Each structure stands twice: as structure tokens, then as C-alpha cells.
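Okay, structure first, notes after.
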DNA sequence: TAAAATTATTTGCATAATGTGAACAGCATG
DNA sequence: CATGCTGTTCACATTATGCAAATAATTTTA
């Protein structure tokens with residue numbers, strides 16, 4: 154599950170963090186329950202849990218472990234560090250109002266998209282227990298991002314995360330994806346036609362740093378019964394590209 | 154720095170997490186800079202950093218490491234798990250409006266108080282880089298909480314966290330603290346008179362679970378020039394106790 | 001442009017720290 | 001009172017980590 158690292162990966166840390174995430178995902182676990190989820194002896198799990206507790210990442214009520222509120226505070230620190238969050242929020246709400254559809258801003262990290270701000274989490278399956286974390290191959294913004302990477306980078310992303318099917322329409326074949334990405338590149342923005350969720354159409358485009366670094370993506374979408382093709386490639390696409398522009402402009406102030 | 158654990162503490166995990174927190178605190182660090190902060194060889198630090206990156210807790214731009222946004226998402230998961238957050242927010246704003254002073258709700262965790270919701274972080278020194286994390290011995294809610302613990306538990310808290318001076322008035326002596334706690338117990342709520350910040354008066358009381366477990370504290374406070382003693386022990390104290398009551402009532406619905 | 005300095009990364013080795021399973025303890029249930 | 005269940009401890013084997021020095025990559029300086 155942990156990704157590639159330069160140098161030597163510390164397995165102790167890896168399993169500790171995996172356990173932390175399991176506790177978060179399962180909203181409180183006992184040692185015995187964890188024992189069923191992880192292939193390690195109880196005594197090892199015990200050490201990890203108690204170490205995480207000692208470091209104030211976990212706490213316990215009786216026999217069940219829970220993630221500490223401290224994690225929430227630490228997380229907010231991360232948000233506060235950047236202007237990105239507040240700036241994007243305004244632009245996303247504006248984009249949503251203008252188009253009448255749901256909009257969101259996602260950040261590219263480790264080959265996934267994390268929703269920083271936007272409408273309520275979409276219909277996506279809660280596959281990793283977290284929501285708000287998306288693949289690149291089946292999202293509008295994600296495809297726009299992949300289209301900007303060179304083949305090598307794309308392969309690296311796919312190697313790490315695969316191409317899980319979300320719907321019937323999800324592109325699960327590398328060659329077909331590369332074709333789609335060529336098209337995306339020519340077009341200048343990404344499209345998903347029910348590849349992410351049944352009945353969902355969306356447009357997405359990439360957002361860049363002041364020095365051209367890929368930050369993430371902006372996207373709008375809605376149900377197919379409300380949006381037709383002309384709109385998707387027309388008004389909606391224009392709105393997204395315009396929003397990207399204002400966002401990038403605002404960021405370099 | 155890590156606290157006591159039952160069982161064996163995993164040092165690898167401990168230092169990994171310490172490094173994570175250092176990166177968060179210092180808003181991006183290079184390996185070389187970290188080398189100055191932690192007493193470990195560069196090669197070890199490298200392994201920890203890269204492991205944390207592999208697990209998507211850190212990312213890097215060039216040579217500087219930063220904490221991933223993912224931590225923000227994980228943190229939000231923690232908040233979303235509980236009703237406490239939303240319920241307390243309403244009551245805190247109400248309390249603040251009624252009294253005209255700043256109010257906040259803090260949660261007890263690992264012998265510290267974490268501000269879950271409330272007015273902007275108070276004038277406290279940013280001693281652990283995080284703000285929003287308070288000691289028990291020099292806060293109104295904290296003293297109310299300590300007053301409910303038995304001596305053994307109080308000693309444990311003090312052993313772990315000490316009694317750092319925040320101001321001249323901060324109680325830095327155990328015996329004097331225990332005297333103050335006896336008084337607090339009789340009174341039914343905690344008071345700080347410039348012990349937390351110069352010129353700041355505050356009242357705080359404990360908040361309990363549906364089954365009587367200590368959850369945290371609610372408090373109101375403001376500058377000395379606006380609040381006199383009669384008010385502090387009168388209207389303000391009453392307001393806090395009333396707010397605690399509604400909060401607890403709402404929680405068990 | 002070359003040399004120097006600064007940074008990150010790799011590697012082999014010694015050893016400490018972790019993984020392991022079995023034994024122990026603590027608690028509720030029947 | 002015994003029987004399950006839970007979590008906790010322990011001694012041992014082994015592996016994974018810490019370490020220091022060497023290498024590589026990069027930037028700075030001359």
C-alpha cells in the first residue's frame with residue numbers, strides 16, 4: 154500500500170500509519186477487531202496502538218481506540234498554511250452559481266486528487282473509506298492533469314493506483330486512456346461522461362502555480378438530464394476555463 | 154516527548170511522527186535543516202522523511218518537504234465522526250453573544266485541552282507551534298477539569314506536562330495549585346485571573362458525556378478592563394454553567 | 001568553465017529494536 | 001466457579017534500523 158520511496162522504507166512506521174488509518178476508517182476498533190483486519194500478531198498490534206496513543210494520535214475509551222481530535226488540529230494547520238484554500242473557495246462558489254451545477258477544486262498529491270473545497274462529496278463509492286479522494290483516470294480534472302504529464306509520469310501514476318472501474322463507462326484500459334488523453338490535450342480540458350458516476354457529466358481543467366507547477370484541477374458537473382453535449386463543451390467548458398484563469402491570476406497576487 | 158504507553162513503545166514510529174510534526178511546525182524543511190533540529194544522522198532522517206512521503210503524509214517540492222493536504226482530509230474525518238463539534242459550535246456562539254465576551258469549547262485529550270470551536274485563538278504563546286492546544290493548570294476550563302480528577306490523575310497530568318508559566322500570575326507550584334483546585338471544587342467552576350494571559354479573566358466549567366465521562370470544558374473570558382469580579386463570579390459564571398447544561402442536554406438527544 | 005561547496009542518496013555493517021508466539025492477567029458471562 | 005473473552009507481558013530470534021563514510025547530484029563561487 155505505501156508508495157515508492159528513495160532510500161530505505163521504514164516498515165515500522167508504515168505499519169503504524171496503516172493502523173492509524175484503519176482506526177480512522179473504522180471509527181473505533183478494539184485490539185481484537187484489528188487483529189482480524191491486519192495480518193500481524195496481537196502483541197505487535199498492541200505495540201503499534203499504544204505507541205500511537207503515546208504520541209497522541211490515538212486515544213482509548215475502555216477497549217476501543219479512536220483517533221484523537223489532535224489530528225483534526227494538525228490537519229487544520231495544513232490548511233492554514235496556504236492561501237490556496239480560501240482563494241479557491243470563493244472561485245468555486247462563484248463557478249457553481251454561474252453554471253448552476255456543482256463545482257469543486259481538487260489538489261494533486263501523490264497521484265491522487267484531494268478535494269480541497271467544493272460541493273458535497275459526489276456519488277463516488279467510498280472505496281478507501283475517506284471520500285474526497287479521487288483517481289485521475291476517471292475524473293474530468295484528473296484526465297486534464299494526466300494529459301499534461303509525459304507518458305512516463307502517467308505510467309507511474311497508473312502503476313501505483315491502477316485504473317479501478319467506477320462505472321461501466323470507466324476507461325480501464327491503458328491504450329484507450331492514452332487515446333482519450335490525446336484528445337483531451339487537443340481540446341484543452343478534460344471530460345467525463347459517466348465514467349465517474351452513472352449519469353454524471355463533468356468538465357475539468359488544470360490549475361497551475363505562479364511558476365507553472367501543476368497544482369490541481371477545477372471542475373463542474375451535473376446530471377445528464379440537465380446537461381447536453383453542446384452545453385458541456387460550450388458554456389460549461391468556457392466557465393471552467395475562465396474560473397481557472399481568475400484563480401491563477403488571484404494566486405499570483 | 155511521547156507519553157507513557159502500556160507495552161513497548163516503538164521508537165521508529167515515535168521519531169517518524171516527531172519528524173512529521175517538525176515539518177508541519179516549520180512549514181517546509183529540507184533534509185539539511187532538519188538535521189539541525191533533530192539529533193540523528195542525515196541518513197536516518199532521510200529514511201523517515203521518505204517513508205512518510207511514501208505513506209503520503211509528506212510531499213516535496215524540490216528539496217523541501219511539506220505536509221500533505223491529505224492530513225487535512227484525515228483530520229476532517231475525525232471532526233465529522235462526532236456530533237460534538239456541530240452542537241458545541243452553536244452553543245459557543247450563543248454564549249458569546251449573550252455575554253459579549255469570547256467563548257470556546259475545548260476537548261480534553263491526553264492531559265491537554267484542544268480547542269474544538271470558539272473565538273479566535275487567544276493571546277497564548279505559540280509554544281508548541283500549534284496554538285489551540287492548552288495546558289490544564291493555567292486555563293479556566295482546565296482548572297475545572299483538574300478539580301474533578303483525583304489527586305493521582307492530577308499528578309499524572311502534571312508529571313507529563315509540567316506547569317509552564319504563561320504569565321507572572323501562572324500557578325507554577327503544585328501545592329498552590331491543589332489549594333486552588335480545592336477552591337474550584339467548592340465553587341463549581343474554574344477561574345483564571347491573568348494566569349493564562351496578561352489582563353485576561355475567564356470562567357470555565359466541565360462538560361460531560363451522557364454517561365458522565367469528562368469530555369472537556371466550556372469557558373468565557375475577556376479583558377480585565379471590561380469585566381469586574383462581581384460579573385466574573387456572577388453573570389459570566391452563570392452563563393457558562395447554563396451553557397454547559399444546554400450542551401449536555403443537547404448531547405444526549 | 002572549472003572547482004568548491006552544499007545538498008541528497010546509497011551502502012555495508014553492527015546492533016538495537018521489532019516481530020513473534022506463548023504464557024499471564026483481568027473481566028465479564030454463563 | 002469455571003469458561004470464554006479481552007488485553008498485556010515476556011524471552012527469544014531475527015530482522016529492520018541506526019549509523020558513518022562514500023557516492024552522487026546539484027548549486028555556488030571563483
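Chains as they are written, first to last, in my numbering: chain V, 154 to 406; chain U, 154 to 406.
We put the beta carbon where it would ideally sit given N, CA and C, even for glycine.
Remember, it's a predicted structure, so these values are computed and weren't measured experimentally.
Going residue by residue through the stretch 220-273 of chain U, where are the continuous beta strand (DSSP E) segments of at least 3 residues, counting only ones entirely within it? Correct list: 255-262 and 265-271.
Are the beta-carbon atoms belonging to residue 211 of chain V and residue 200 of chain V less than 8 angstroms from one another? The answer is no: Cβ separation not under 8 angstroms.
Counting only Cβ-Cβ distances shorter than 7 angstroms, please list the residues of the stretch 218-240 of chain U near chain V, keeping chain order. 220, 221, 222, 223, 224, 225, 226, 227, 228, 229, 230, 231, 232 and 234
Hey, how far is the Cα of residue 398 of chain U from the Cα of residue 317 of chain V? 50 angstroms
Are the stretch 372-386 of chain V and the stretch 163-179 of chain V touching, with three or more C-beta to C-beta distances below 8 angstroms? no
Using CA coordinates, which residue listed in U:227, U:236, U:249 and U:322 is at the minimum distance from residue 285 of chain V? Among U:227, U:236, U:249 and U:322, the Cα nearest to that of residue 285 of chain V belongs to U:227.
Looking at chain U, is there any beta carbon in it that lies within less than 8 angstroms of the beta carbon of residue 361 of chain V? no
What are the start and end residues of the alpha helix (DSSP H) that includes residue 298 of chain U? 293-301
Cβ shell of residue 291 of chain U (< 6 angstroms), same chain only, five flanking positions each side left out: Once the five neighbours on either side are set aside, the close Cβ partners of residue 291 of chain U are 319, 323, 348 and 349.
Length of the line joining the Cα atoms of residue 372 of chain U and residue 294 of chain U: 6 angstroms
Who are the neighbours of residue 156 of chain V on chain U, taking C-beta pairs under 9 angstroms? 206, 207, 208 and 209
Would you list the one or two residues that DSSP bridges to residue 217 of chain V? V:183 and V:214
Kindly indicate if chain U contains any beta-carbon less than 8 angstroms away from that of residue 213 of chain V. False, the Cβ-Cβ gap to chain U never drops below 8 angstroms.
In chain U, which residues lie with their C-beta within 7 angstroms of the C-beta of residue 200 of chain V? 160, 161 and 163
Is the Cβ of residue 384 of chain V closer than 8 angstroms to any Cβ of chain U? no
If the cut-off is 9 angstroms on Cβ atoms, which residues from the stretch 300-314 of chain V count as contacting chain U, listed in chain order? none
Does DSSP put residue 405 of chain U in a helix, a strand or coil? coil
Mind listing, in chain order, the continuous beta strand (DSSP E) runs of no fewer than 3 residues lying wholly within the stretch 298-353 of chain V? Taking 3 residues as the shortest admissible run, the stretch 298-353 of chain V contains the following complete beta strand (DSSP E) segments, listed from N- to C-terminal end: 343-346.
Please classify residue 396 of chain V: is it buried, with 16 or more other beta-carbons within 10 angstroms of its beta-carbon, or exposed? buried
Would you mind stating whether residue 297 of chain U and residue 359 of chain U have Cβ atoms separated by less than 8 angstroms? yes
What is the DSSP secondary structure of residue 407 of chain V, counted as helix, strand or coil? Not covered by the structure: residue 407 of chain V. The range shown for chain V is 154 to 406.
Between residue 202 of chain U and the rest of its own chain, which residues show a CB-CB distance below 6 angstroms, the 5 nearest in sequence each way excluded? 218
According to the neighbour-count rule (16 or more other Cβ atoms, all chains shown, within 10 Å of its Cβ), is residue 154 of chain U buried or exposed? exposed
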